[in-house]
Each structure stands twice: as structure tokens, then as C-alpha cells.
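Q:
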Amino acid sequence: MATLEGTTAIVTGSSRGIGADVATQLAAQGAAVVVNYRQKAPRATKVVAGIEAAGGRAVAVGADLTAPDGPAALVDAAVTSFGGLDLLVLNASGGMESTMGEDYALRLNRDAQVAMLTAAVEVMPPGSRVVFITSHQAHFVEKVETMEAYEPVARSKRAGEDALRAMIPELEAKGISFVVVSGDMIEGTVTATLLDRATPGAIEARRQEAGRLYSVAEFATEIVRMATSEVPTGHTEYVGGAEDFLAKS
Numbered sequence: 001m002a003t004l005e006g007t008t009a010i011v012t013g014s015s016r017g018i019g020a021d022v023a024t025q026l027a028a029q030g031a032a033v034v035v036n037y038r039q040k041a042p043r044a045t046k047v048v049a050g051i052e053a054a055g056g057r058a059v060a061v062g063a064d065l066t067a068p069d070g071p072a073a074l075v076d077a078a079v080t081s082f083g084g085l086d087l088l089v090l091n092a093s094g095g096m097e098s099t100m101g102e103d104y105a106l107r108l109n110r111d112a113q114v115a116m117l118t119a120a121v122e123v124m125p126p127g128s129r130v131v132f133i134t135s136h137q138a139h140f141v142e143k144v145e146t147m148e149a150y151e152p153v154a155r156s157k158r159a160g161e162d163a164l165r166a167m168i169p170e171l172e173a174k175g176i177s178f179v180v181v182s183g184d185m186i187e188g189t190v191t192a193t194l195l196d197r198a199t200p201g202a203i204e205a206r207r208q209e210a211g212r213l214y215s216v217a218e219f220a221t222e223i224v225r226m227a228t229s230e231v232p233t234g235h236t237e238y239v240g241g242a243e244d245f246l247a248k249s
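Quick note, the sequence shown lines up with residues 1 to 249 if you use my numbering.
#1: Using DSSP bridges, identify the partner residues of phenylalanine 178.
#2: Output yes if chain C places a C-beta closer than 8 angstroms to the C-beta of alanine 119; else output no.
#3: Mind the definition here: the segment 169-176 touches the segment 118-129 only if three or more C-beta pairs lie below 8 angstroms; say whether that holds.
#4: Please give me, in chain order, every unbroken run of the beta strand (DSSP E) with length at least 3 that falls completely inside the segment 108-176.
#5: For glycine 70, which residues of its own chain have a beta-carbon under 6 angstroms away from its beta-carbon, when the five flanking residues on both sides are left out?
#6: So, with DSSP's three-state summary, where would you put tyrosine 214?
#7: Taking the beta strand (DSSP E) that isoleucine 51 belongs to, which residues open and close that run?
#8: CA-CA distance, threonine 118 and isoleucine 203?
#9: Please check the pair glutamine 113 and leucine 85, which I expect to be a contact at CB under 8 angstroms, by giving their CB distance rounded to whole angstroms.
#10: Output the boundary residues of the beta strand (DSSP E) element that contains glutamate 237.
#11: Using 8 angstroms as the threshold, is the segment 234-248 in touch with the segment 4-24, meaning 3 or more CB pairs across them?
#12: Could you tell me whether the segment 189-202 touches the segment 140-154, where touching means 3 or more Cβ pairs closer than 8 angstroms?
#13: Residues in the same chain with beta-carbon distance under 6 angstroms from threonine 8, minus the five sequence neighbours each way, listed in chain order, please.
#14: Keeping to the same chain, check which residues put their C-beta closer than 6 angstroms to that of alanine 115; ignore five residues upstream and five downstream.
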């Protein structure tokens, strides 16, 4: 896609953090956006209100991507509210929560991603794009050791990336491109906070190794840039501090 004007995007997990910034920036560039939340409706409503106040178009949709009807609800909202779907940003992830069950990371980071993409491709026209968001710690987990507290999440996200990449031939047949954006730890995210709580000093240690860590807004800008960048399908865009991971892999 050369421009976002007149397009429709779904951003999963976009009621706060990176997803909210991505949704806001996409709307500022002309996309109509489906803002997804699982439980926190007021947060999503606030994101939509901000987009609309700036002259953009958005709708908040509650959907648990791990539920059978969750992905379809988002796709239906995109089609009903805005007439179609041109961009899918797979941002939702998790697994460090202690109350969601032992298999939650895999259900969300792999199974739900595949289910969301499977539902979306049914309505996405040729020229559409899918952007999957991951971390260096997950993308390189098979070759570079990560923090013990994060390893289950990292491995489940890598499993999700692998499962999505396996769908590239199907996407190509439909004229849909697939891009991965891999980022370092991001300042101010829930995951970074939980990691630092589980492993005190983890964020500062990574900041020293990488030189600096991206903010939520900075990382969101890179994600939005990849929504229209002319890169081949299957491309991985590394954002911040990937040199040491690449050297070790």
C-alpha cells in the first residue's frame, strides 16, 4: 500500500500502549481503525475519542482473540463500519499474567494470531498487508538465551511467528504481503514492567547493552512506517538494538 488514505486497519490489543499509539498514528495518516480491547472498554473508548477529535475515524470493539468468536468479531466490525479491511496489525500479545492459565501464552501468541489472520484474509483484497509485532528476545529465542521469566512468552511468540510465516504462500496467492517488526524492550510497556519486577534491574541492564531503548511512541512510528514500506513479503524489520542478537545468532 502506497498510502493509508481511505484504507481500513485492525490493530489487535490497541486500547493502550504500543497498540493505542499505532492506532492513533494510522488514523492520523488516513486509515479508519478498529481499536481492539479484551476487557478495558473505557481505555479503548478514550483512544477512539482521541482519534475522532483529531478528525479521524475509529471504532472500539471488545473481542478476546483466544475465544472462538473473537477474530471474526473484529473482521465483521471492519467490514460493517468501514466497508472492508486492508491492514492487519497483529500487536496483541501476553503470557506473563499469573491468572490466565499455564497455556495462555501459547493460546494468545500462537493460536490466536493464526485464528485472527485466518479470519482476516477472507475479506482482505490484493495489495493488503499484515504486520506482526514481536520482540528481539522472542524472534531470536532459539539462538540467543533470554531471561528465565520471559522465556515461555518468547517461545510462544516465536511459535506464533513461525505459524504465521507458514501461511505466507496462502497470503501471496491472495496478493497479501506479510511483514514482521521486531523490537527491543520498549520503555513503559506492561511487559517491560513485569519483566523488571520478575528480574530486578533487567530493563536497566538491557538499556546499557543496547545504548538506549525505544519509547512506545517511537516504536509505534516504526510499525506504522512498515504498513506501507516497499519491502518483500516475509521481511523482518529490526527496531533498536538488534546488532548483538544478530551477532549471536
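Note that the Cβ used here is the ideal one computed from N, Cα and C, for glycine as well.
A: Taking the geometry as given:
#1: Position 178 of the sequence shown, counted from the first residue, corresponds to residue 178. Paired residues: Val130.
#2: You won't find chain C in this structure, because it holds only one protein chain.
#3: yes
#4: 129-135
#5: The residue labelled residue 70 in the question sits at position 70 within the sequence shown. For glycine 70, where only same-chain residues beyond five positions count, the Cβ hits under 6 angstroms are Ala63 and Asp64.
#6: Here residue 214 refers to the residue found at position 214 of the sequence shown. Looking at tyrosine 214 - three-state DSSP - the assignment turns out to be coil, as it is neither helix nor strand.
#7: Taking the first residue of the sequence shown as 1, we reach residue 51 at position 51. For isoleucine 51, no beta strand (DSSP E) encloses it; the enclosing alpha helix (DSSP H) starts and ends at 41-53.
#8: Within the sequence shown, residue 118 is the residue found at index 118, counting from 1. Within the sequence shown, residue 203 is the residue found at index 203, counting from 1. Separation of threonine 118 and isoleucine 203 (C-alpha to C-alpha, rounded to the nearest whole angstrom) is 35 angstroms.
#9: Working through the sequence shown from its first residue, we reach residue 113 at position 113. Working through the sequence shown from its first residue, we reach residue 85 at position 85. Their Cβ separation, rounded to whole angstroms, is 16 angstroms, which puts glutamine 113 and leucine 85 out of contact at 8 angstroms.
#10: Mapped onto the sequence shown, residue 237 falls at position 237. It spans 236-239 - the beta strand (DSSP E) in which glutamate 237 sits, taken as one unbroken run.
#11: no
#12: yes
#13: Mapped onto the sequence shown, residue 8 falls at position 8. Correct list, in chain order: Ala32, Ala78, Phe82, Gly84, Leu85 and Asp86.
#14: Translated into positions along the sequence shown, residue 115 becomes position 115. Only Pro71 meet the Cβ criterion.
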